[in-house]
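Colleague:
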Amino acid sequence: MVERSRLDEELDLLRSNYPGLEYRQEGHWVRFPEYVVPVEIWGQSTVEVSFQIPERIPGQAPYGFFVRPHMTLRNQQPVGNYAYPAQTAFGGDWGKFSWQLLVWEPSANVVAGTNMVNFARSIGDRFREGA
């Protein structure tokens, strides 16, 4: 029996929660074609989201995520910890949010500890923060 890598386990878990995701092996890039954001804060209801699975997962926590189109707040306030434009494996017309989970405590069992699905879900927390 072939032992599955942590990366494979993380990808399977992501795919089971986000069936429409696209994966690029080079750089371990993930893209969600539609991620729901609060329209009352951002003035749009969905965006594309992209991020990288760290090379040394689970020992290395994920950091940052990318969005397309360029994000602006409905109230025109500046968006904190956000830079535009940024380059991804899916092109260069993305914005980048600096973001990380408050706690990264992975376990040998991918579902028992913190994992990339937790990170992907936390992106919604950032969108709910607004500025």
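Heads up, the sequence shown is in my numbering, so the first residue is 1007 and it goes up one at a time. Cβ atoms here follow ideal geometry from the backbone N, Cα and C, with glycine treated the same way. This one's a predicted model, so the numbers in the text were calculated from it and none came from an experiment.
Please work out which residues of its chain come closer than 8 Å, Cβ to Cβ, to A1118, disregarding the five sequence neighbours upstream and downstream, and give them in chain order.
Modeller: Around A1118: no qualifying Cβ.
Colleague: Give me the Cβ distance between V1123 and R1012, rounded to the nearest whole Å; I'm assuming they're in contact under 8 Å.
Modeller: Not really, about 13 Å apart at Cβ, beyond 8 Å.
Colleague: Please state if the CB of A1095 and the CB of G1033 are separated by a distance shorter than 9 Å.
Modeller: A contact, by the Cβ cut-off of 9 Å.
Colleague: Which one of P1112, R1080, F1057 has the shortest CA to CA distance from S1104?
Modeller: The shortest Cα separation from S1104 among P1112, R1080, F1057 belongs to F1057.
Colleague: Classify R1080: buried if its beta carbon has 16 or more other beta carbons within 10 angstroms, exposed otherwise.
Modeller: When all chains shown are included, R1080 counts as exposed.
Colleague: Between which two residues does the alpha helix (DSSP H) holding W1048 run?
Modeller: From DSSP, the alpha helix (DSSP H) with W1048 extends over 1045-1048.
Colleague: Go through its chain and collect everything with a Cβ distance to E1046's Cβ below 8 Å, but skip five positions before and after it.
Modeller: Result list for E1046: R1080, in chain order.
Colleague: Just the Cα atoms here: how many angstroms apart are G1101 and A1114?
Modeller: Their Cα atoms are separated by approximately 33 Å.
Colleague: Would you mind sorting E1016 into buried or exposed? The rule is 16 or more other CB atoms within 10 Å of its CB.
Modeller: The residue in question, E1016, is buried, as its Cβ has 16 or more Cβ neighbours within 10 Å.
Colleague: Which residue from V1073, G1098, D1099, G1097 puts its Cα closest to that of N1087?
Modeller: Taking only the C-alpha atoms, the option nearest N1087 is V1073.
Colleague: Using DSSP with H/G/I as helix, E/B as strand and the rest coil, what is V1053?
Modeller: Three-state result, V1053: strand.
Colleague: Are the CB atoms of E1054 and R1030 within a distance shorter than 9 Å?
Modeller: Not in contact: R1030 and E1054 (Cβ atoms no closer than 9 Å).
Colleague: Going straight from the alpha carbon of N1121 to that of E1135, what length do you get?
Modeller: Looking at the two C-alpha atoms, the distance is approximately 22 Å.
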